[in-house]
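So the sequence lines, in the order shown, correspond to chains A and B. Sequential numbering of the first sequence, starting at 1, is according to the numbering used here. Sequential numbering of the second sequence, starting at 1001, is according to the numbering used here. Here the structure is laid out as structure tokens; the discussion comes afterwards.
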Amino acid sequence: MEKQVTFQHKEKVIEIKGLNKSFGNYHVLKGVDLDLHRGENLAVLGKSGTGKSVLIKIIVGLLSPDEGQVKVLNQYVDQITYKQLLELRLKVGFSFQNSALYDSMTVRQNLEFPLVRNQRKLTKSEVNMAIEEMLDAVGLIQTINQMPSELSGGQRKRIGIARTLILRPEIMLYDEPTAGLDPITCLEINNLINEVQERFHTSSIVITHDLTCAKAVGNRVAMLLDGQFQRMGTFEEVFNTSDERVRPFYDYNFIH
Amino acid sequence: MKNKAENPSIATAEVKGPGRLARMFITLYDVYRFIARFFKEGFLPPYEIKELLRQCYEIGYRSALLISTTGFITGMVFAKQSRPSLSEFGATSWLPSLVGIALLRTLAPLLTGLIAAGKVGSSIGAELGSMRVTEQIDAMEVSATNPFKFLVSTRVLAATITMPILTFYTAMVGMLGGLLNVALSEGTSARAFFQSSLEQITFLDITASTVKAIIFGFTIGMVGCYQGYNSSKGTEGVGKAANSAVVIAMFLIFIEEVVSVQFFSLFRS
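Put into structure tokens, the structure is as follows:
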């Protein structure tokens, strides 16, 4: 079940150096360094409130860094214009923790919204085909005319991923994809993340505190502790330690 | 190191610590940037015509019943309450023109503005506030679309466009209320009533009402959108956004009414 393919020889799609971010007096990220290679899935682990979500929000330009360099697909996200950022965002998909589906729109309209606004030359039949293909990829074609309020938590996550994938991004950022789901649905979401990696050739950062998820989807695992990545490597490398800040994660997930 | 694309609302949310006066200036600057962004982006392509029409329907048509009821009752009660004073001078024949002028100059724009501030302003504030706290606005942002254009520009434009229509509709329905009262008391015909009330209305009255309605509509849309778009702190923030949208819009409408009355009175003498 553990993934151990190495991607170190491939080009870097995300390079972060010395990233700092504070909210008032609360210093969340303290000099974070991180590389993501093309085609790689990186699982980022850490306690709640350690800045995991802040990290990927900075990557996609929703938050700005206080200090440090954030290079995504060879562009520094904090130094580009809004127009350039929009173009970059076409290549970087973001799957939200609570799915963030537009609740006044049907599933079809949710997928249609980003597509027609970014590819205005598509015909109606091409748009329909793209929507149906994407819903088929996440196994939820039957929900096409349903409202988000009629979907289960797992279905909402899948639709959220489909809406992100419809723009065919090169990088996927998943924010707690399995949070609040039952174990079976978690397994399905883990499989979906792996399928996305294989089928759409994406590079991904998966933010989670679910070790089963990290083990199943991450080619590498990074542990964010005290505002920095303290441990990084394969799942075994990260957890083969007696570090008291790391062991409780493993013990809670696999012993209790 | 400032991100040129930084979300203005997030920038505001991150600012903590300054005193009350500094916060007030920060908010004022934020409001200025929000309004400037509307004028910068609202009229540039690509246009969200479908969403604009939907908002016009939501704001205009959905408010019509409440406005009809209020306008009709206001016209009727105004005619009834004005009669004793006019009859003391034997001037009840002036009642139709009094009702017409009062409605068109002040009552219709003000009533419509206040009702729309309550109904439309709160609805916009709550809807956008809810979208903000559930990250739907962020989701639009990261999917390379412009949420400001889709959510804010359309709502502000729709409120600005529909308010003059609603105002003249209120005036018309109010006159019908006045007609009912006058017809029942004096037996005046509808034709005589409207002839008498409309002949006193000038082009300046119509212009002043239209301008006021446009300003009120813009205010309601802008305040509702600003409060909702910048809301935070979960469900509490949504309630606060809806509430603030109503209170601030009503307050501004009263100020705008006073200023516009003073302004247009310069042209009346």
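Note that CB positions come from ideal geometry on N, CA and C, so glycine has one too. Small disclaimer: the values here were computed from a predicted structure and weren't measured.
Per DSSP, the beta bridge partners of A:Q69 are A:K17.
Interface criterion not met: the Cβ of B:Q1227 is under 8 Å from no Cβ in chain A.
Collapsing the DSSP output to three states places A:R163 in a helix.
A:R220 is bridged by DSSP to A:L42.
A:I14 sits buried, since 16 or more C-beta atoms from the chains shown fall within 10 Å of its C-beta. Fewer than three Cβ pairs drawn from the segment 1086-1099 of chain B and the segment 1045-1062 of chain B lie within less than 8 Å of each other, which leaves the two stretches out of contact. The straight-line gap separating the alpha-carbon atoms of B:I1137 and B:I1124 is approximately 14 Å. In this structure, A:L140 is the residue among A:L140, A:Q69, A:S203 with its C-alpha nearest to the C-alpha of A:E188. Contact with chain A is found for B:V1142, since one of that chain's Cβ atoms lies less than 8 Å from the residue's Cβ.
When C-beta distances to chain B are compared with 7 Å, every residue of the segment 235-247 of chain A stays at or above that value. About 5 Å separates the beta carbon of A:S204 from that of A:N41, a gap short enough to meet the 8 Å contact definition. Assignment of B:R1023 by DSSP, reduced to helix, strand and coil, places it in the helix class. B:S1085 sits exposed, since fewer than 16 C-beta atoms from the chains shown fall within 10 Å of its C-beta. Within the segment 112-130 of chain A, the residues whose Cβ lies closer than 8 Å to any Cβ of chain B are, in chain order, F113, P114, R117, N118, R120.
For A:A162 against A:A137, the beta-carbon gap comes to about 7 Å, under 8 Å, which counts as contact. Against chain B, a Cβ distance below 8 Å from A:F96 picks out E1135, D1138, A1139. In this structure, A:R158 is the residue among A:A130, A:R158, A:M129 with its C-alpha nearest to the C-alpha of A:T143. Using a Cβ-Cβ distance cut-off of 8 Å, the segment 1254-1267 of chain B and the segment 1169-1182 of chain B are not in contact, since fewer than three pairs of beta carbons, one from each stretch, lie closer than that value.
A:M129 is classed as exposed because its beta carbon has fewer than 16 other beta carbons within 10 Å across all chains shown.
Residue contact with chain A for B:T1145: present (Cβ-Cβ distance below 8 Å to some residue of chain A). Excluding the 5 residues flanking it on each side, A:E176 has same chain C-beta neighbours closer than 7 Å at Q97, I207, T208, in chain order.
Three or more beta-carbon pairs separated by less than 8 Å link the segment 1205-1218 of chain B to the segment 1101-1117 of chain B, which places the two stretches in contact. Between B:S1231 and B:R1132 a beta carbon distance of about 5 Å is seen, short of the 8 Å cut, so the two are scored as contacting. Using a 10 angstroms sphere on the CB of A:G49, the tally of other CB atoms stays under 16, which defines it as exposed. Contacts with chain B at 8 Å (Cβ-Cβ) do not include A:V32.
The alpha carbon of A:Q146 has as its nearest neighbour, out of A:Q228, A:N110, A:L181, the alpha carbon of A:N110. DSSP places B:L1252 inside the alpha helix (DSSP H), whose first and last residues are 1234-1265. For B:V1182, no beta strand (DSSP E) segment is defined; the enclosing uninterrupted segment is the alpha helix (DSSP H) at 1154-1186. With a cut-off of 8 Å on Cβ pairs, the segment 1149-1156 of chain B is not in contact with the segment 1188-1196 of chain B, counting fewer than three such pairs.
With contacts defined as CB atoms closer than 8 Å, B:G1113 and B:F1038 fail to qualify as a contacting pair.
Within the segment 162-176 of chain A, R163, T164, L167 place their CB atoms closer than 8 Å to a CB of chain B, listed in sequence order. Here the segment 14-30 of chain A makes contact with the segment 69-80 of chain A; the two share three or more CB pairs at distances below 8 Å. DSSP places A:R231 in the strand class (E or B) of the three-state scheme.
Under a 10 Å Cβ-count criterion, A:Y174 is classified as buried, with 16 or more other Cβ atoms of the shown protein chains found around its own Cβ. Cα atoms of B:G1118 and A:Y26: separation of roughly 39 Å, rounded to the nearest angstrom. When beta bridges are read from the DSSP output, A:T208 appears opposite A:L45.
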